[in-house]
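Quick notes on the structure that follows.
Number of protein chains: 2
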Amino acid sequence: MENHVVVLGCGFGGLFAAQALNGAPVRVTVIDRANHHLFQPLLYQVATAGLSAPAIAAPIRQILEAQKNVTVLMAEVQTIDTARKAVVLDGGEEVTYDFLIVATGATHSYFGHPEWERDAPGLKTLEDAFEIRRRILLAYEHAERERDPQKRAAWLTFLVIGAGPTGVEMAGTLAEISRHTLRGEFRNFDSSQARVILVEGSASVLSTYPPDLSAKARDQLERLGVTVRTESRVTGIDAEGILIGQERIAAKTVIWAAGVAASPLGKSLGVELDRAGRVPVGPELSIAAHPEVFVIGDLAAATSDGKPVPGISPAAKQMGRYAAKRILHRLRGSTDAGSTNTFPPFQYKDYGQLATIGRNAAVAIIGKLRFSGYLAWLVWLFAHIYFLIGFRNRIVVLFDWALAYWSFERNARIVVGNKDSRFHFKSPS
Amino acid sequence: MENHVVVLGCGFGGLFAAQALNGAPVRVTVIDRANHHLFQPLLYQVATAGLSAPAIAAPIRQILEAQKNVTVLMAEVQTIDTARKAVVLDGGEEVTYDFLIVATGATHSYFGHPEWERDAPGLKTLEDAFEIRRRILLAYEHAERERDPQKRAAWLTFLVIGAGPTGVEMAGTLAEISRHTLRGEFRNFDSSQARVILVEGSASVLSTYPPDLSAKARDQLERLGVTVRTESRVTGIDAEGILIGQERIAAKTVIWAAGVAASPLGKSLGVELDRAGRVPVGPELSIAAHPEVFVIGDLAAATSDGKPVPGISPAAKQMGRYAAKRILHRLRGSTDAGSTNTFPPFQYKDYGQLATIGRNAAVAIIGKLRFSGYLAWLVWLFAHIYFLIGFRNRIVVLFDWALAYWSFERNARIVVGNKDSRFHFKSPS
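Protein chains in written order, with the numbering used here: chain A, 9 to 437; chain B, 9 to 437.
Below, the structure written as structure tokens:
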């Protein structure tokens, strides 16, 4: 009987692990609660109506169709029982494993204020993206109907909290929407009156970048029309806006891009988690007590050459490939199950960092090169099209972007579902 | 002060009315509860994962942006007060009019069984299409997890109720999905085992077509793998399947394509409605007591040359254009407000009928020509691309269809939202 490798989560880490097991003498089961793999770096484009959901997502079973040793199950994992080597699914079924790769990623963290989520949704899944798209587009619709200038101003104020890569690209795109996309479409106000405010607790935007690039990013944001407020800690969020210390900013649309917490599944592994809820793993990416359990991607607290491995997609892909190879190496019997001596430890290869800000605006570090502006933006653009899964999606995204670039249009300005009670639109009877 | 024309609903009727008022010396307000105009003839493609929502929908205010006399409001209309010439919106605001064009269309009718809707959703809006897409794709996901053969068979049985154009195209596409699209993607069953059953109360499919074409449509459906059951009246629907008389068919996915009822807004016009809830209109498409109130599209019970005007999109477009011209004619003062003598009555021009069944399969009547099969399918295809709104959408749909035709793939197999309690997938915490 062949060994059974179970992969939990089919983001970049899980997908690359499953693909690295192609043709290997193991049975593989991939379990994800969604039916699709999501190209998360472009999720903000779905949230800002630039792309449709199918352009950046592909059915997991379609991607892995040709890989005959893989079974895909769409299910939520309830718990992991490391003692019995089994995972329990939402329907109560158990799936036993010989090797387990846990790659369930991260979710939003509201720093002890879960009540903020209702009024400040974060961006991790397609559901999140649709909800944010809905709020942005409906805010302008409300502004068109609103006669009270103060209330209208609140509908036309967009707050993004957290100036990491997601916050920066959201803010830049929101400014472009107000200044260009929607221009001329409203009769009761000028859409370029809309304010986009990026709120950051620390001293700079994109704080993981070197100070010069970080300053350039801020410049580019301000040129696009974004108000950047650094060293501003949010102390309250409700349906009417936010508090920064004692100062109140009235805004109907608030987007959370500040905190990330590891997937709660880490808790069921029986190891002590780090402050962000991540699972500490050894040099072979497995947990100390269970060398057959690997944790990869954003859920893992891994190190490479003594430095923490960053929570970005290239790292997840590299960890996925490594875990798969590690398993196959063990199965070939060239080493004992617990030993790591004869197989090199995981080593993260840093290809650089890329962050987009908006039209013609980005910052990039590639090797020793640092650049910003139009060139960085072009690199960002082609890198993202290159890494997109599937030929069709590449063509569609390239076409949509080309058209959007020249027309300043956004092609997915469709709102589906009006169920939020914050809006008085009724759903169809 | 210019006259104010208010258009309720921006389907084909409302949109063509608004566009026919371009440049006219009137103010126009278009009110719709969605932010988009929907190309409804292709909605079944969104429901069956062939197209993304933005491919067949465009923001109303974007379509009408250049028409400077038009204001677009996204709002639900609560009621129409014909005495005070005002419509009341969901927020309580009133919008007064000099002329009103009511074009709010139709919704599903369950023939006195509203409780069936939960287990047999119909297809009118993008929300409906996403819900049906979700049920279809998740049914296969459940089948992959289900070990009990009988329960699995229920997940793999797809019932479509009603063999009009929508039911026929849904059934044909569902058969193609099972036989081609999903083939080879599941490990625990063969997707071509899935049964697609089209249930119709009358004696034939596409009963508005001549008997020979109707018979050909049935042939083509059966060749695609659809089981056609005519003269089968549904007497019960629940979460486990349907009843036809005393016979029970177990099925987890049931789609309703049988009945249509006019929009409930017709009731507030104070006129006696016909059996289907439609508003009887005179030869100038206005209601008897209020010549300034026009009713067009699926909500209107109109006649042309003594015959009822059919509830199809070309008729709605023609009525929309006619109502706009009629208003402008009255404003030019060439006739009294109530008279219809000097302006010709509405005349429906019948360009024919087209219904698609599936790959290479369709039936068509154009003038005196009748044809079916590949040629009819090509005509259907190019007609639909031609009539799609917007250059981008035409390209995207053409590209998606070309790729889908050669690959047998469907490009929008993405499920968003797992909130239905019929499924035990949990939503993210």
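Yeah, the Cβ is synthetic: ideal placement off N, Cα and C, and Gly gets one too.
It should be emphasised that the depicted structure is a prediction, and the values quoted were computed from it without experimental measurement.
At a Cβ cut of 7 Å, what residues of the segment 139 to 153 of chain B count as close to chain A, listed as they run along the chain? Residues passing the 7 Å Cβ filter: 145, 149, 152, 153.
Does chain A have any CB closer than 8 Å to the CB of residue 361 of chain B? Reading the second sequence from its first residue, position 353 is the one you call residue 361 of chain B. Taking Cβ atoms only, chain A never reaches closer than 8 Å to residue 361 of chain B, which makes this a no.
Based on the DSSP output, what are the partners of residue 361 of chain B in its beta bridges? Here residue 361 of chain B refers to the residue found at position 353 of the second sequence. Note: residue 361 of chain B sits in a beta bridge opposite B:373.
At least 3 beta-carbon pairs within less than 8 Å: the segment 9 to 27 of chain B vs the segment 323 to 331 of chain B: A contact exists between the segment 9 to 27 of chain B and the segment 323 to 331 of chain B.
Quick one, which residues of the segment 375 to 404 of chain B are near chain A if we go by CB-CB under 8 Å, in chain order? Listed by position along the chain: 400, 403, 404.
Write down the C-beta distance between residue 267 of chain A and residue 407 of chain A rounded to the nearest angstrom, noting that I regard them as a contact closer than 8 Å. If you number the first sequence from 1, residue 267 of chain A lands on position 259. If you number the first sequence from 1, residue 407 of chain A lands on position 399. At roughly 35 Å, the Cβ-Cβ gap does not stay under 8 Å, so residue 267 of chain A and residue 407 of chain A are not in contact.
Helix, strand or coil for residue 231 of chain B? Go by DSSP, reduced to three states. Locating residue 231 of chain B in the second sequence gives position 223, counting from the first residue. Reduced to three states, the DSSP call for residue 231 of chain B is helix.
Taking the alpha carbon of residue 62 of chain A as the point to measure from, which residue in B:141, B:216, B:226 has its own alpha carbon closest? By one-based count along the first sequence, residue 62 of chain A stands at place 54. Taking the Cα of residue 62 of chain A as reference, the smallest distance to any Cα among B:141, B:216, B:226 is reached at B:141.
Chain A partners of residue 419 of chain B, CB-CB under 7 Å? Indexing the second sequence from 1 puts residue 419 of chain B at position 411. Within chain A, 62, 400 have C-beta atoms less than 7 Å from the C-beta of residue 419 of chain B, given in sequence order.
Hey, how far is the Cα of residue 376 of chain B from the Cα of residue 181 of chain B? Along the second sequence, one-based indexing puts residue 376 of chain B at 368. Along the second sequence, one-based indexing puts residue 181 of chain B at 173. One C-alpha to the other measures close to 28 Å.
Can you give me the Cβ contacts of residue 75 of chain B inside the same chain, cut-off strictly under 6 Å, excluding the 5 residues immediately before and after it? Taking the second sequence and counting its residues from 1, one reaches residue 75 of chain B at position 67. 30, listed in sequence order.
Using a Cβ-Cβ cut-off of less than 8 Å, list which residues of the segment 37 to 50 of chain B approach chain A; keep chain order. Listed by position along the chain: 41, 42, 43, 44.
Rounded to the nearest angstrom, how far is the Cβ of residue 151 of chain B from that of residue 197 of chain B, given a contact under 8 Å? By one-based count along the second sequence, residue 151 of chain B stands at place 143. By one-based count along the second sequence, residue 197 of chain B stands at place 189. That belief holds up - the Cβ atoms of residue 151 of chain B and residue 197 of chain B are roughly 6 Å apart, short of 8 Å.
Should the segment 207 to 216 of chain A be called in touch with the segment 151 to 163 of chain A, which here means at least 3 C-beta pairs below 8 Å? Using a C-beta cut-off of 8 Å, the segment 207 to 216 of chain A makes no contact with the segment 151 to 163 of chain A, since fewer than three inter-stretch Cβ pairs fall below that distance.
Does the beta-carbon distance from residue 179 of chain A to residue 260 of chain A come in below 8 Å? Walking along the first sequence from the start, residue 179 of chain A turns up at place 171. Walking along the first sequence from the start, residue 260 of chain A turns up at place 252. Note that the C-beta distance between residue 179 of chain A and residue 260 of chain A is not below 8 Å.
Am I right that residue 12 of chain A and residue 104 of chain A are in contact with their C-beta atoms under 8 Å? What's the rounded C-beta distance? To locate residue 12 of chain A, count along the first sequence from 1; it is residue 4. To locate residue 104 of chain A, count along the first sequence from 1; it is residue 96. Contact holds; Cβ gap of about 7 Å.
Could you check where the alpha helix (DSSP H) with residue 181 of chain B kicks off and where it finishes? For the purposes of this step, residue 181 of chain B is identified with residue 173 of the second sequence, where counting begins at 1. According to the DSSP assignment, residue 181 of chain B belongs to the alpha helix (DSSP H) that extends over 173 to 184.
Looking at chain B, is there any beta carbon in it that lies within less than 8 Å of the beta carbon of residue 73 of chain A? One-based indexing of the first sequence puts residue 73 of chain A at position 65. Yes, contact with chain B.
Anyone know if the C-beta pair for residue 110 of chain A and residue 303 of chain A falls short of 8 Å? The residue given as residue 110 of chain A occupies position 102 in the first sequence. The residue given as residue 303 of chain A occupies position 295 in the first sequence. For the 8 Å CB-CB criterion, residue 110 of chain A and residue 303 of chain A form a contact.
Does DSSP classify residue 98 of chain B as helix, strand or coil? For the purposes of this step, residue 98 of chain B is identified with residue 90 of the second sequence, where counting begins at 1. Judged by DSSP in its simplified three-state form, residue 98 of chain B adopts coil rather than helix or strand.
Below 8 Å on C-beta distance, what does residue 411 of chain B contact in chain A? Taking the first residue of the second sequence as position 1, residue 411 of chain B is located at position 403. 400, listed in chain order.
Identity of the residue in B:126, B:234, B:134 nearest residue 60 of chain B by Cα: The residue given as residue 60 of chain B occupies position 52 in the second sequence. When each option's Cα is compared against that of residue 60 of chain B, the closest is B:134.
Identify every run of the alpha helix (DSSP H) within the segment 49 to 132 of chain B, keeping only runs that are complete inside it and at least 4 residues long; order them along the chain. You should have 51 to 55, 68 to 71.
Count Cβ pairs between the segment 43 to 54 of chain B and the segment 63 to 73 of chain B that sit closer than 8 Å; are there 3 or more? Cβ pair count under 8 Å is three or more, so yes.
On the DSSP bridge list, what partners appear for residue 378 of chain B? Position 370 of the second sequence, counting from 1, holds the residue named residue 378 of chain B. B:373, per the DSSP bridge assignment.
Taking Cβ to Cβ, would you say residue 85 of chain B is nearer than 8 Å to residue 131 of chain B? Taking the first residue of the second sequence as 1, we reach residue 85 of chain B at position 77. Taking the first residue of the second sequence as 1, we reach residue 131 of chain B at position 123. Not closer than 8 Å, so no.
Given a threshold of 16 other Cβ atoms within 10 Å of its Cβ, counted over all protein chains shown, does residue 386 of chain A qualify as buried or as exposed? To locate residue 386 of chain A, count along the first sequence from 1; it is residue 378. With fewer than 16 other Cβ atoms from the protein chains shown falling within 10 Å of its own Cβ, residue 386 of chain A counts as exposed.
If we define contact as Cβ-Cβ less than 8 Å, is residue 261 of chain B a contact residue for chain A? In the second sequence, residue 261 of chain B corresponds to position 253, counting from 1. Not a single CB atom of chain A sits nearer than 8 Å to the CB of residue 261 of chain B.
Please classify residue 82 of chain A as buried or exposed, where buried requires at least 16 other C-beta atoms within 10 Å of its C-beta. Your numbering for residue 82 of chain A matches position 74 in the first sequence. The residue is buried, with at least 16 neighbouring Cβ atoms inside 10 Å.
With a threshold of 8 Å between beta-carbons, can residue 92 of chain A be considered close to chain B, or not? Position 84 of the first sequence, counted from the first residue, corresponds to residue 92 of chain A. Residue contact with chain B for residue 92 of chain A: absent (no Cβ-Cβ distance below 8 Å to any residue of chain B).
Assuming contact is defined by CB atoms lying nearer than 8 Å, are residue 213 of chain A and residue 199 of chain A in contact in what I supplied? Counted from its first residue, the first sequence places residue 213 of chain A at position 205. Counted from its first residue, the first sequence places residue 199 of chain A at position 191. No. Outside cutoff.
For a cutoff of 8 Å on Cβ pairs, would you count residue 126 of chain A as touching chain B? Along the first sequence, one-based indexing puts residue 126 of chain A at 118. Closer than 8 Å: no.
I want to verify the contact list: residues of chain B whose CB lies under 9 Å from the CB of residue 193 of chain A, in sequence order. As a first step, residue 193 of chain A must be located in the first sequence, where it is residue number 185. The contacting residues are 67, 69, 70, 72, 73, 80.
Of the residues A:71, A:176, A:269, A:419, the one placed nearest residue 121 of chain A, counting alpha carbons only: Residue 121 of chain A sits at position 113 when you count from the first residue of the first sequence. In terms of Cα proximity to residue 121 of chain A, the closest of A:71, A:176, A:269, A:419 is A:269.
Can you name the start and end residues of the beta strand (DSSP E) that residue 249 of chain B belongs to? Along the second sequence, one-based indexing puts residue 249 of chain B at 241. That run of the beta strand (DSSP E) goes 249 to 252.
Less than 8 Å between the beta carbons of residue 486 of chain A and residue 56 of chain A, yes or no? Past the boundaries of the shown model lies residue 486 of chain A; chain A is included only from 9 to 437, so the question cannot be answered.
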